[in-house]
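Right, one structure below, let's go through it.
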Amino acid sequence: MKPIVKLLLESGSLNTAQLAQVLNLSEADVNRQLDELKAQRVLLGFRPVLNLAHEDSGVVRAVIEVRITPERGGGFNRLAERISRFDEVESCFLMSGSYDLLVFVNGGSLQRVAAFVSEKLSTLEGVLSTATHFMLRSYKEQGFLLDVKQEEAERLKVAP
Amino acid sequence: MDSSRYIAKHVINLPKSGIRDFFEIVSKMKDVISLGIGEPDFDTPWHIREAAIYALEKGKTHYTSNLGLIELRRAISKYVEANFSISYRPEDEILVTVGVSEALDIAFRALVNPGDKVMFHQPCYVSYSPSITLVHGEAIPVPTYAKDNFALTAEALRAAWQPGAKLLVLNLPCNPTGGTCDRAQIEAIAKFAVEKDLLVLSDEIYSELTFEGVHTSIASLPGMKERVIFLHGFSKAFAMTGWRIGYACGPAALIEAMMKVHQYSMMCASILSQEAAIEALVRGEDAMKSMRDQYHRRRDFIVRRFNEIGLKCHLPRGSFYAFPDVSVTGLNEKDFAVGLLQTEKVAMVPGTAFGANGSGFCRACFATSYEQLIEASNRIERHVQSLAKKK
C-alpha cells in the first residue's frame, strides 16, 4: 500500500498541507499523487460520515437481498452494474450464500424506498426475488461509534 | 509534631523523580501538547477489554496462584518461545507480576544484599537507580552515548565495572533514548557478563516496538538462559499501561526466590488483568502490529522534523521516544523544556530526569496523533528560531 493511502486511512482528517509535512513531500506532489490515485480509481472520493439520526430530513435506509439470474458470458455483472446505477443504491455487493446481491439503499421516506423496490428493482428482467430489511437504528458507521460519547480517556500529561 | 522524623533514612535521601517536578509545572497549564507521556495514545484494543468484562461477568474475582494463572503462564511460554526463541516452563520458570516495575523490584529484593553493586545503562527509566537504593544496593550507571545511537557497548561496561558488581540491568530498546543493540553488541555484552559473572535482568518491555532489524534477547544467546531474568509485560505493545501486568521468566531457583517476595507483598496480580493478558497474547497480534506500524511512521516524521529544525536527533530503532539534542540552542535541557512549555505550550521531558548523562537532551514521546505531532513540531521550530535570534 502506498504511504499516502496508509496515511489517509490512519488519519483521514489531515489536510493537504499536513499530508505533505508528514510524507515529506511538497503540497503539489501530494495533490499529484491524489490525482493519480483518483485516475486509477483506487481513491474513489471522500465523504463525511454522518449520524443520520441527528438529521431532521429522516433518511430511510434498507438492505435488500436480491436473487438474480446469471447470464452466459457476463455472469452477474451486467445486472449488478445496472442495479448499482440507481441513485437510491448506496452500495451493492455480490455475495456467497442463499442470495446473490446485497443492495444498500436509502430514500427520503419508507414509501420511496418501497416504490424503488417494487417498481424499479423487482421489475428488472433477471431479478428473481427480493427481500427488503429496513434499518431501525445504527450503532456504528464506517468505523465511528454512534451515540457513544467518545470521551477522551484521562491521561497524565507527563509520565515516566 | 515533625512526623518526617519517622521516615527511614534511605527514603528521605531518595531524590524525587525529575519527571515529578516537570509534571507539577505541566499539570497547572491548559491546552498543552504533551510529548511527555510515557505510554501509548491508543486505548487497549476492544477485544482485550471485552475479555476482562466477560471474566468479571463469569465471577472471576478471586485470588489466583501466586505465580499467576497457569493458562496465562502457558500463553506466555508459547509467546516467548515464538517471538524470542527462549523456552521457559510454565510450571516453575514464569512469574506473573504487577507490571515490569514490580518484577524489577522483587528481583532486586530477592537478589541484592546490602552493598551489592548493580550496573545499568543510563539515560534510563527513572526507577532503576532508586529501586536499587531501596534495597541498599549500590547503583553503578554505565553511560550510553549519542554517537553510538545510545546502544550499550561492552567497552562502556568494562570502563564502569567495579569489583563486587553482581547484577546488570538492560533495557533494550531503551526508555528514554530509543537506543537498542544489534546482535553483535548483545553478544559482546553477554560475553562481558559471563567474564564478570554477572546475572542479567533484561527489561524488554519495548521489544515488539523495534522498527529496524530484529530484536535479540540476551537470554536467547547460547548458554545465557541460566544467567538472565527476562522481564516483559503488556503495557507498551498491547497498550495496557493501566492494567499493570507483566512477567518474569528465568531459572526456577531465581523465580522461586522472587515468588517468595511477591507472595508476601503482592500475593498475585489482578485476576482481571491476567484474563485480559491471556486474550492479548492469544489474539492480540494484529492490533499490536497495526499500532507498531503507526508508531514507526510517526517516528520517521518526528525525527525528520527534529533534524530539520536543527535539533540533532538519532533514529531510535525502538520504543516510542525520540531523544533530540537541544544543546545547539545554547540552553540546558531543563531551561529549554521549561521555555518551550511556557512560550509554546509543548511539553518534552528534560533528559536529566533519566540520569545525569541525559544532559543536553529532551525526551519526546511520539505516541500521539499526527495533528498533534505536526503542530508540536511547528511550535518547536518557532521556538528554536526565536532562541537563535536572541543569541
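As given, the protein sequences belong to chains A and B, one line each in that order.
Numbering follows my numbering, with no gaps: position 125 of the first sequence is 127.
Numbering follows my numbering, with no gaps: position 361 of the second sequence is 1641.
Idealized CB from N, CA, C, for every residue including glycine.
Best match in the options for proximity to residue i [C-alpha to C-alpha]
i, options, result
"residue 1407 of chain B", "B:1367, B:1451, B:1373 and B:1368", "B:1451"
"residue 1480 of chain B", "B:1624, B:1339 and B:1504", "B:1504"
"residue 1461 of chain B", "B:1490, B:1316 and B:1639", "B:1490"
"residue 1515 of chain B", "B:1508, B:1509 and B:1523", "B:1523"
"residue 1335 of chain B", "B:1614, B:1579, B:1488 and B:1554", "B:1554"
"residue 91 of chain A", "A:129, A:64 and A:27", "A:64"
"residue 1397 of chain B", "B:1378, B:1375, B:1297 and B:1421", "B:1421"
"residue 1332 of chain B", "B:1295, B:1559, B:1655 and B:1600", "B:1559"
"residue 1599 of chain B", "B:1556, B:1391 and B:1404", "B:1404"
"residue 94 of chain A", "A:74, A:14 and A:83", "A:83"
"residue 124 of chain A", "A:113, A:66 and A:150", "A:66"
"residue 1376 of chain B", "B:1425, B:1294 and B:1530", "B:1530"
"residue 1550 of chain B", "B:1526, B:1299 and B:1474", "B:1526"
"residue 1644 of chain B", "B:1298, B:1315 and B:1302", "B:1315"
Whole-number beta carbon distance between residue j and residue i, since they are thought to touch under 8 Å
i, j, result
"residue 1483 of chain B", "residue 1352 of chain B", "The Cβ separation is near 20 Å, so there is no contact."
"residue 1459 of chain B", "residue 1596 of chain B", "7 Å"
"residue 1591 of chain B", "residue 1664 of chain B", "7 Å"
"residue 1519 of chain B", "residue 1478 of chain B", "So it is not a contact: roughly 33 Å between Cβ atoms."
"residue 1627 of chain B", "residue 1312 of chain B", "5 Å"
"residue 1233 of chain B", "residue 1535 of chain B", "Here chain B comprises residues numbered 1281 to 1671, so residue 1233 of chain B is not present and cannot be evaluated."
"residue 1486 of chain B", "residue 1453 of chain B", "4 Å"
"residue 19 of chain A", "residue 29 of chain A", "6 Å"
Neighbour-count burial assignment, residue i, 16 or more Cβ in a 10 Å radius
i, result
"residue 1568 of chain B", "buried"
"residue 146 of chain A", "exposed"
"residue 50 of chain A", "exposed"
"residue 1614 of chain B", "buried"
"residue 43 of chain A", "exposed"
"residue 1623 of chain B", "exposed"
"residue 48 of chain A", "exposed"
"residue 79 of chain A", "exposed"
"residue 1284 of chain B", "exposed"
"residue 1433 of chain B", "buried"
"residue 26 of chain A", "exposed"
"residue 1547 of chain B", "exposed"
"residue 1506 of chain B", "exposed"
"residue 1641 of chain B", "buried"
"residue 17 of chain A", "exposed"
"residue 150 of chain A", "exposed"
"residue 136 of chain A", "exposed"
Nearest-angstrom Cα separation, counted from residue j out to residue i
i, j, result
"residue 1594 of chain B", "residue 1363 of chain B", "27 Å"
"residue 1561 of chain B", "residue 1381 of chain B", "20 Å"
"residue 1322 of chain B", "residue 1528 of chain B", "25 Å"
"residue 1447 of chain B", "residue 22 of chain A", "48 Å"
"residue 1670 of chain B", "residue 1588 of chain B", "20 Å"
"residue 1457 of chain B", "residue 1619 of chain B", "22 Å"
"residue 138 of chain A", "residue 53 of chain A", "13 Å"
"residue 1350 of chain B", "residue 1584 of chain B", "45 Å"
"residue 1573 of chain B", "residue 56 of chain A", "35 Å"
"residue 1617 of chain B", "residue 1657 of chain B", "14 Å"
"residue 96 of chain A", "residue 71 of chain A", "13 Å"
"residue 1580 of chain B", "residue 1355 of chain B", "33 Å"
"residue 1389 of chain B", "residue 1411 of chain B", "9 Å"
"residue 1431 of chain B", "residue 1582 of chain B", "20 Å"
"residue 148 of chain A", "residue 1649 of chain B", "22 Å"
"residue 1318 of chain B", "residue 162 of chain A", "5 Å"
"residue 108 of chain A", "residue 133 of chain A", "15 Å"
"residue 1387 of chain B", "residue 1513 of chain B", "15 Å"
"residue 1392 of chain B", "residue 1288 of chain B", "19 Å"
"residue 86 of chain A", "residue 1566 of chain B", "34 Å"
"residue 1509 of chain B", "residue 1495 of chain B", "17 Å"
"residue 1563 of chain B", "residue 1608 of chain B", "46 Å"
"residue 1368 of chain B", "residue 1361 of chain B", "8 Å"
"residue 1440 of chain B", "residue 1306 of chain B", "36 Å"
"residue 1428 of chain B", "residue 1435 of chain B", "12 Å"
"residue 1634 of chain B", "residue 142 of chain A", "43 Å"
If you scan the region 1322-1402 of chain B from start to end, which runs of the alpha helix (DSSP H) of 4 or more residues do you find wholly inside it? Within the region 1322-1402 of chain B, the complete alpha helix (DSSP H) segments of 4 residues or longer fall at 1326-1337, 1350-1364 and 1379-1391, listed in chain order.
As an exercise, report each continuous beta strand (DSSP E) stretch of at least 3 residues that is fully enclosed by the region 81-129 of chain A, in chain order. 91-96 and 103-109
Go through the region 1422-1475 of chain B residue by residue and report every complete run of the beta strand (DSSP E) that reaches 3 residues or more, in order. 1445-1451
What are the uninterrupted segments assigned as alpha helix (DSSP H) that are 4 or more residues long and contained completely in the region 11-66 of chain A, given in chain order? 18-25 and 29-41
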